[in-house]
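2 protein chains.
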Amino acid sequence: MTRTAKTRRRRRRADGGYARGEQTRRRLLEAAIELFAELGYERASTRAIATHAGVSLPALQYYFGGKEGLHRACAEYITEDVRTRLGPATDRVRQALSRRDLGRAELLELLRAVVEPFLEGLATERPESWALFFARAQGEHSAGFDTIFQQIGGRLLALVTEIIGRILGRPPSGPEVAIRAVIVVGQLTLVRRARPIILRALGWPNFAGERLQTLKEVIWDGIASSLSGH
Amino acid sequence: MTRTAKTRRRRRRADGGYARGEQTRRRLLEAAIELFAELGYERASTRAIATHAGVSLPALQYYFGGKEGLHRACAEYITEDVRTRLGPATDRVRQALSRRDLGRAELLELLRAVVEPFLEGLATERPESWALFFARAQGEHSAGFDTIFQQIGGRLLALVTEIIGRILGRPPSGPEVAIRAVIVVGQLTLVRRARPIILRALGWPNFAGERLQTLKEVIWDGIASSLSGH
DNA sequence: CTAATTTTCTATCATCCGATAGAAATCTGT
DNA sequence: ACAGATTTCTATCGGATGATAGAAAATTAG
Numbered sequence: 347m348t349r350t351a352k353t354r355r356r357r358r359r360a361d362g363g364y365a366r367g368e369q370t371r372r373r374l375l376e377a378a379i380e381l382f383a384e385l386g387y388e389r390a391s392t393r394a395i396a397t398h399a400g401v402s403l404p405a406l407q408y409y410f411g412g413k414e415g416l417h418r419a420c421a422e423y424i425t426e427d428v429r430t431r432l433g434p435a436t437d438r439v440r441q442a443l444s445r446r447d448l449g450r451a452e453l454l455e456l457l458r459a460v461v462e463p464f465l466e467g468l469a470t471e472r473p474e475s476w477a478l479f480f481a482r483a484q485g486e487h488s489a490g491f492d493t494i495f496q497q498i499g500g501r502l503l504a505l506v507t508e509i510i511g512r513i514l515g516r517p518p519s520g521p522e523v524a525i526r527a528v529i530v531v532g533q534l535t536l537v538r539r540a541r542p543i544i545l546r547a548l549g550w551p552n553f554a555g556e557r558l559q560t561l562k563e564v565i566w567d568g569i570a571s572s573l574s575g576h
Numbered sequence: 347m348t349r350t351a352k353t354r355r356r357r358r359r360a361d362g363g364y365a366r367g368e369q370t371r372r373r374l375l376e377a378a379i380e381l382f383a384e385l386g387y388e389r390a391s392t393r394a395i396a397t398h399a400g401v402s403l404p405a406l407q408y409y410f411g412g413k414e415g416l417h418r419a420c421a422e423y424i425t426e427d428v429r430t431r432l433g434p435a436t437d438r439v440r441q442a443l444s445r446r447d448l449g450r451a452e453l454l455e456l457l458r459a460v461v462e463p464f465l466e467g468l469a470t471e472r473p474e475s476w477a478l479f480f481a482r483a484q485g486e487h488s489a490g491f492d493t494i495f496q497q498i499g500g501r502l503l504a505l506v507t508e509i510i511g512r513i514l515g516r517p518p519s520g521p522e523v524a525i526r527a528v529i530v531v532g533q534l535t536l537v538r539r540a541r542p543i544i545l546r547a548l549g550w551p552n553f554a555g556e557r558l559q560t561l562k563e564v565i566w567d568g569i570a571s572s573l574s575g576h
């Protein structure tokens with residue numbers, strides 16, 4: 347409680363026009379994502395972020411209220427983008443699940459439709475730093491960040507849990523289903539987290555083209571097999 | 347390069363007796379593991395560590411040369427303990443692998459003998475903080491830490507890779523085998539990293555007793571299945 | 001053009017951090 | 001008990017960090 351517990355709220359903005367400053371805000375956001383991803387929350391100093399963005403230091407406080415606010419804004423920015431890119435596919439799957447007479451093969455296909463885009467995104471995410479930002483933030487337990495994170499992870503997990511539950515013919519709340527679901531989703535995030543290890547083990551430089559295809563096939567094969575046995 | 351690149355080496359010690367100070371060293375080490383695990387490297391200040399250990403601040407520099415040295419010492423301390431507790435089992439497996447005529451069932455049993463103790467350790471590691479320390483350190487890319495980490499992870503991965511390669515009848519360097527091996531080992535670490543998520547999804551308070559048994563069974567069942575279905 | 005508002009900048013604060021100096025206290029072997 | 005080495009302490013340094021004050025510049029509306 348020694349800290350400045352002044353719970354500073356974000357500055358009011360965007361009532362009038364003044365579209366000029368929107369650009370600095372954007373620059374700051376992108377520089378922050380990059381540096382948070384590369385260095386982590388603590389090591390990425392506000393000065394380095396401001397310099398990297400080509401703006402002056404106080405702009406950071408002006409637009410985001412402080413470092414923590416900036417970090418939260420980064421998370422929201424990425425979350426929003428991921429949602430718009432993955433949302434449609436998952437919505438389609440969710441709708442398809444309303445049919446109660448789906449066979450095992452169809453359910454597996456739906457699972458694949460959820461899993462593959464996510465995996466592909468994690469392996470090749472356009473700005474290299476996005477998924478990395480998440481990986482960092484998750485490990486750092488940034489204040490109130492889990493809430494935002496779960497908007498993506500939680501939805502995905504819920505969807506995967508339902509599909510696996512129906513494949514196994516068990517209640518989604520039971521241990522078998524829940525554990526398997528977490529493992530499946532966790533496997534996908536591994537592609538990001540253990541990326542250097544995987545690449546080194548394989549002697550690959552990256553996950554481009556043919557290699558991404560192989561990666562997806564092997565991982566999917568493992569998932570499908572683990573849900574078929576017994 | 348602005349930093350004090352004085353590459354300070356550890357103080358000489360332990361030539362004579364002077365066993366009195368060994369206790370402070372130990373206290374410092376244990377307090378550091380706890381705080382590094384709870385707060386991460388940056389947030390765990392040297393002052394907090396010293397206070398928590400009940401010693402004065404300069405003792406930290408005296409015994410470990412600095413914060414970084416202390417962190418490295420923590421990693422070595424944990425690594426050593428894990429090795430002594432897991433080493434015998436893996437050595438036995440390694441030796442059993444010298445036989446070339448092992449059947450699928452036998453190979454699976456060997457894999458299980460490697461995987462289960464590791465999983466159990468990750469789920470219930472005595473001082474709650476040890477595995478957490480690793481999780482943090484891995485994400486933080488502490489300087490030269492990967493080397494130490496790989497003394498455990500690397501050996502385990504190599505062993506798992508060989509077993510899976512023989513089960514699948516493929517060269518251990520190929521993509522199928524290497525990817526699967528990383529996934530299997532990664533699944534185990536998930537138990538630590540995603541621990542709160544798993545517990546919440548299951549409505550469990552912890553991984554004690556019967557629940558640990560269930561966890562092990564479900565995870566192992568998934569691994570075994572994924573290696574059986576062609 | 002002018003007044004009101006928004007945005008940016010320079011300079012500075014207060015604090016925390018890791019590290020060190022150097023004296024004081026403690027321990028060990030003889 | 002004594003000399004020499006080791007361990008611990010108080011006080012302080014230099015530097016980096018996040019944040020702010022307040023003037024200056026830029027932008028918009030009337």
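Chain order of the listed sequences is A and B.
For reference, each letter of the first sequence is one residue, going 347 to 576 in the numbering used here.
For reference, each letter of the second sequence is one residue, going 347 to 576 in the numbering used here.
Even for Gly, the Cβ is constructed at its ideal location relative to N, Cα and C.
Between residue 347/B and chain A, is there a C-beta pair that is closer than 8 Å?
Legend: pLDDT at residue 347/B = 32, less than 50; position of this residue unreliable, value from coordinates given subsequently. No, no contact with chain A.
Let me check understanding here. Comparing Cα to Cα, which of 422/B, 446/B, 464/B lies closest to residue 435/B?
Residue 464/B is the option with its Cα nearest to residue 435/B.
Rounded to whole angstroms, what is the Cα-Cα separation between residue 518/B and residue 511/B?
Distance between the alpha carbons of residue 518/B and residue 511/B: 5 Å.
Is any heavy atom in the ligand HEM found nearer than 7 Å to the beta carbon of residue 530/B?
With respect to the ligand HEM, the structure offers nothing, as it holds no ligand at all.
Spatial neighbours of residue 522/B within its chain, please: C-beta separation below 8 Å, excluding the five flanking residues on both sides.
Only 514, 516 meet the Cβ criterion.
Would you say the stretch 406 to 420 of chain B touches the stretch 440 to 460 of chain B, given that touching needs at least three Cβ pairs under 8 Å?
No: the two stretches stay apart, fewer than three of their Cβ pairs being nearer than 8 Å.
With H, G and I counted as helix, E and B as strand and the rest as coil, what does DSSP make of residue 356/B?
Because residue 356/B carries a pLDDT of 35, less than 50, the predicted location of this residue cannot be relied on, and the following value inherits that uncertainty. Residue state, collapsed to three classes: coil.
Using the Cα positions of residue 390/A and residue 502/B, report the straight-line distance between them to the nearest angstrom.
Rounded to whole angstroms, residue 390/A to residue 502/B spans 33 Å at the Cα level.
Would you mind giving the Cβ-Cβ distance between residue 498/B and residue 430/B, rounded to the nearest angstrom? I have them listed as a contact below 8 Å.
Not a contact, Cβ separation roughly 12 Å.
Is the shortest distance between the beta-carbon of residue 486/B and the beta-carbons of chain A less than 8 Å?
So yes, residue 486/B belongs to the interface.
Please classify residue 508/A: is it buried, with 16 or more other beta-carbons within 10 angstroms of its beta-carbon, or exposed?
Its Cβ being crowded by 16 or more others within 10 Å, residue 508/A is buried.
How should residue 532/A be labelled, buried or exposed, when 16 other C-beta atoms within 10 angstroms of its C-beta is the threshold for buried?
Burial call: buried.
Just curious, the alpha helix (DSSP H) that residue 521/B is in, first and last residue?
Its alpha helix (DSSP H) spans residues 521 to 539.
Give the single residue among 422/A, 412/A, 378/A whose Cα lies nearest to the Cα of residue 399/A.
Answer by Cα proximity: 378/A.
Excluding sequence positions up to five away, which residues of its chain have a Cβ less than 7 Å from the Cβ of residue 392/A?
Same-chain partners within the cutoff: 403, 406, 413.
Which one of 550/A, 528/A, 505/A has the shortest CA to CA distance from residue 437/A?
The candidate whose alpha carbon is nearest that of residue 437/A is 505/A.
For a test of the three-state rule: what should DSSP assign to residue 563/A, helix, strand or coil?
The answer is helix: DSSP assigns residue 563/A an H, G or I state.
If you count every other CB in all the chains shown that lies within 10 Å of the CB of residue 572/B, and 16 or more means buried, which is it?
Looking at its Cβ environment, which holds 16 or more other Cβ atoms inside 10 Å, residue 572/B is buried.
Which residues in chain A have a C-beta closer than 7 Å to the C-beta of residue 572/B? List them in chain order.
568, 571, 572, listed in chain order.
Applying the criterion that 16 or more other CB atoms from any shown protein chain within 10 Å of the CB defines a buried residue, is residue 568/A buried or exposed?
Classification for residue 568/A: buried.
Starting from the Cα of residue 537/B, find the closest Cα among 469/B, 483/B, 547/B, 479/B and give me that residue.
Minimum Cα distance to residue 537/B is reached at 469/B.
Any beta carbon from chain B within less than 8 Å of residue 533/A's own beta carbon?
Interface residue, yes.
Name, please, each residue of chain A whose Cβ falls closer than 7 Å to the Cβ of residue 521/B.
Chain A residues near residue 521/B: 548, 560, 564.
Below 8 Å on the Cβ atoms is my guess for residue 482/A versus residue 383/A; work out the distance and round it to an integer in Å.
With 8 Å as the limit, residue 482/A and residue 383/A qualify as a contact, their Cβ atoms being about 6 Å apart.
Just mark residue 386/A as buried or exposed, buried being the case when its beta carbon has 16 or more other beta carbons within 10 Å.
Burial call: buried.
Taking beta-carbon pairs under 9 Å, can you tell me which members of the stretch 416 to 437 of chain A lie near chain B?
Here the close residues number zero.
With a threshold of 8 Å between beta-carbons, can residue 469/A be considered close to chain B, or not?
So, not an interface residue.
Determine the DSSP secondary structure at residue 401/A, reduced to helix, strand or coil.
Here residue 401/A sits in coil by DSSP.
So residue 442/A and residue 456/A are in contact, right, with Cβ under 8 Å, and what is the actual spacing, rounded?
Right, their Cβ atoms sit about 6 Å apart.
Could you check if residue 493/B is buried or exposed, using at least 16 other CB atoms within 10 Å of its CB as the buried criterion?
Exposed is the call here.
Please say whether residue 529/A and residue 528/B have beta carbons closer to each other than 8 Å?
Cβ distance not < 8 Å, so residue 528/B and residue 529/A don't count as in contact.
Measuring CB to CB, does residue 561/A end up less than 8 Å from residue 525/B?
Result yes, Cβ atoms of residue 561/A and residue 525/B sit closer than 8 Å.
Under 8 Å between the Cβ atoms of residue 557/A and residue 566/A?
Their beta carbons are not under 8 Å apart, which means residue 557/A does not touch residue 566/A by this criterion.
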